[in-house]
Amino acid sequence: MPADKSITLVGGGLAGALLAILLARRGWSVDVFERRGDPRVEGYAGGRSINLALAERGLHALRQAGADGDVLQQAVMMRGRFVHPLAGESGLQRYGRDDSEVIWSINRGELNLVLLDIAESHGARLHFDHALEQVDFGARIATFRHHAERVAHPFRALVGTDGAGSTLRAEMAKVLPLGERTDWLDHGYKELEIPPAADGGFRIEPNALHIWPRGHYMCIALPNDERTFTVTLFMPHRGAHPSFETVQTGDEALALFGEQFPDTLPLIPALRHDYEANPVGNLATLYLDRWHLGGDAVLLGDAAHAMVPFHGQGMNCAFEDCVALADHLDRARTLAEAFAAFEAERKPNAEAIQRMALENYIEMRDRVDDADYLLQRALELVLQARHPGRFIPHYAMVTFMRIPYALALHRSEVQRRLLEDATRGLATLDAVDWARLDAAVLAALEPLQDA
Ligand SMILES: Cc1cc2nc3c(=O)[nH]c(=O)nc-3n(C[C@H](O)[C@H](O)[C@H](O)COP(=O)(O)OP(=O)(O)OC[C@H]3O[C@@H](n4cnc5c(N)ncnc54)[C@H](O)[C@@H]3O)c2cc1C
2 MPADKSITLV
12 GGGLAGALLA
22 ILLARRGWSV
32 DVFERRGDPR
42 VEGYAGGRSI
52 NLALAERGLH
62 ALRQAGADGD
72 VLQQAVMMRG
82 RFVHPLAGES
92 GLQRYGRDDS
102 EVIWSINRGE
112 LNLVLLDIAE
122 SHGARLHFDH
132 ALEQVDFGAR
142 IATFRHHAER
152 VAHPFRALVG
162 TDGAGSTLRA
172 EMAKVLPLGE
182 RTDWLDHGYK
192 ELEIPPAADG
202 GFRIEPNALH
212 IWPRGHYMCI
222 ALPNDERTFT
232 VTLFMPHRGA
242 HPSFETVQTG
252 DEALALFGEQ
262 FPDTLPLIPA
272 LRHDYEANPV
282 GNLATLYLDR
292 WHLGGDAVLL
302 GDAAHAMVPF
312 HGQGMNCAFE
322 DCVALADHLD
332 RARTLAEAFA
342 AFEAERKPNA
352 EAIQRMALEN
362 YIEMRDRVDD
372 ADYLLQRALE
382 LVLQARHPGR
392 FIPHYAMVTF
402 MRIPYALALH
412 RSEVQRRLLE
422 DATRGLATLD
432 AVDWARLDAA
442 VLAALEPLQD
452 A
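When we follow my numbering, the leftmost residue of the sequence shown carries the number 2, and every step to the right adds one.
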């Protein structure tokens, strides 16, 4: 562990606030500089994605920080995806085997507030209204914009928790090229709201993540503890109808929802107004060749590996990064050694979840109501019961376990081939050749140590 245990975090969002707790609890002297004002005084200036799905990886990190109790108090359990096809029956597809395998819908602002409070209670110094502008790595001075002033802050090392548009990343790249590449998704998103029912309750099933899959576009809705749902419409920015190019006005949105999401129309009374008032968000995957600059600076969370939101893992992955960095800082002799070991451990895993997140968009918008997809999901559950600890559904490995994402990706690819081969041409599981399939599973998959 380095002798001088002082560190400066740039960005007091989700990852910055959590990392501040983890390090302050381990005796580090932590300064956090956040561009926005103090949300506990001024209210949370959110912007995007009002609520988020919290899964085991994020929850584990919150446990390490002693924050899980406060966070879960305000969370809404989601047992599975509630699929609303255009024609046919709506229904719940469970994510796991029972209520021990669920995810949680949490409010971004409340989560940030809880984490900032705990960070401060452990001695982290929070500097709001301080936006990083420039870093002189030679002189070890970071300069922040504080209202009309420029404030110089001497630092030992910087951690970039300043999100996808990271200024620290840009400053590091002036010293050493980071190999940055951003792949913009040609789809965007817009948020809408389902308010509470007249009696103050939820208007639709609260304990689920709702999906309206429509092929090349979709809506989802996550519950909030104040009995509302945040609805997110994902669709292409441009091109054939419907896209954000062909659906621009409130009336055009009403027409689209009337045709394609008719059951949501009575649920979203302010659709026309909100569609026009709320911006279209952009989505991208950020790839870097390197995340750190010797022992001077390191990036994590969205600043290092922003991803599309379709696996609900961006924050979960960022929180897992925080635990990993805090552990490496404990173990390594120097900051440079800690940052290098952190990057070596986390980069392949971040790349794996970035890929799975892109793949999951197609699954959510196009596959969840297909017969062959449903048959393969049913077979996954049977194989999980026949081969406990060996065949574990893809979603469970990513969401309910903490095995490295890269391992989850590798095993998922093997399993997908087994599922496709075993169900090809079948309408039910009755005709599955179990002896052959069991042998194939045993040959292809080692038991998982962590299962
Ligand atoms: C539509 C959508 C839905 C999502 N859903 C989920 C989900 O269900 N589950 C999930 O796990 N993830 C989800 N994510 C991803 C998740 O939001 C991010 O991965 C997560 O917020 C990353 O945390 P972070 O702390 O790295 O960055 P951020 O949360 O972006 O925080 C960065 C902080 O840095 C501050 N900052 C920026 N620039 C500066 C500067 N120059 N100086 C000082 N401070 C600065 C910002 O004000 C902010 O507070 C979703 C994302 C989107 C867009």
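For every residue, glycine included, the Cβ atom is placed at its ideal position computed from N, Cα and C.
- Judged by the Cβ position, Asn-361 fails to qualify as a neighbour of ligand 1 at the 7 Å threshold, every heavy atom of the ligand being at least this far.
- Counting only runs of at least 3 residues, the segment 263–296 fully encloses the following beta strand (DSSP E) elements, listed from N- to C-terminal order: 282–288.
- If you check the C-beta of Gly-313 against ligand 1, you find a heavy atom less than 7 Å away.
- Gly-189 has Met-236, Asn-283 as its beta-bridge partners, per DSSP.
- At the C-beta level, Ala-62 and Cys-323 come within 8 Å of one another.
- Sixteen is the threshold: when 16 or more other Cβ atoms of the shown chains lie within 10 Å of the Cβ of Asn-108, as they do, the residue is buried.
- In this structure, the straight-line span from the alpha carbon of Leu-446 to that of Ala-407 is close to 15 Å.
- Below 8 Å, too few C-beta pairs join the segment 76–84 and the segment 24–42 to call them touching: fewer than three.
- The C-beta distance from Val-103 to Pro-207 rounds to 12 Å, too long to meet the 8 Å contact threshold.
- Counting of Cβ neighbours within 10 angstroms places Gly-166 among the exposed residues, the total staying below 16.
- A straight line joining the alpha-carbon of Gln-450 with that of Arg-403 spans about 11 Å.
- Note on geometry: alpha-carbon atoms of Ala-25 and Ala-158 lie some 15 Å from one another.
- For Thr-231, the three-state secondary structure derived from DSSP is strand.
- Residue environment: Asn-283 is assigned as exposed (fewer than 16 neighbouring CB atoms within 10 Å of its CB, all protein chains considered).
- Here DSSP, grouped into helix, strand and coil, assigns Ser-7 to strand.
- Residue state for Trp-105 is assigned as strand, using DSSP reduced to three classes.
- Non-local C-beta neighbours of Gln-385 in its own chain, meaning closer than 7 Å and more than five positions away in sequence, comprise Phe-392, Ile-393, Pro-394, ordered along the chain.
- Residue ranges of uninterrupted alpha helix (DSSP H) with 4 or more members, entirely inside the segment 100–165 and ordered along the chain, are 109–122.
- With fewer than 16 neighbouring CB atoms inside 10 Å of its own CB, Pro-267 falls in the exposed class.
- Between Leu-117 and Ala-16, the C-beta gap is not smaller than 8 Å, which leaves the two residues out of contact.
- When DSSP states are grouped into helix, strand and coil, Pro-214 belongs to the strand group.
- Scanning Glu-111, Ala-125, Arg-170 for the CA closest to the CA of Glu-134 turns up Arg-170.
- When rounded, the separation of the alpha-carbon atoms in Arg-239 and Gln-249 is 11 Å.
- The three-state secondary structure of Thr-429, taken from DSSP, is coil.
- For a cut-off of 8 Å, the C-beta gap from Cys-318 to Ala-351 is around 6 Å, short enough to register as a contact.
- Residue side-chain check: Arg-126 keeps its Cβ at 7 Å or more from all non-hydrogen atoms of ligand 1.
- For Phe-401, the distance from the CB to the nearest heavy atom of ligand 1 is not below 7 Å.
- Residue state for Pro-224 is assigned as strand, using DSSP reduced to three classes.
- Restricted to the segment 315–367, the alpha helix (DSSP H) segments that are unbroken, complete and at least 4 residues in length are 315–332, 336–363, listed in chain order.
- Using a cutoff of 7 Å, the CB of Pro-237 does not count as near ligand 1, since none of the ligand's heavy atoms is closer than that.
- Scanning Leu-430, Thr-168, Leu-438, His-188 for the CA closest to the CA of Phe-311 turns up His-188.
- Following the DSSP letters along the chain, one finds Val-42 inside the alpha helix (DSSP H) bounded by residues 40–43.
- Closest in alpha carbon position to Ala-379, among Glu-321, Thr-247, Asp-431, is Asp-431.
- Cβ-Cβ separation between Asp-275 and Leu-326: approximately 38 Å, too far for a contact (criterion under 8 Å).
- DSSP, read as helix, strand or coil, puts Leu-53 in strand.
- Considering only Ala-397, Pro-237, Asp-422, the residue with the shortest C-alpha distance to Asp-99 is Ala-397.
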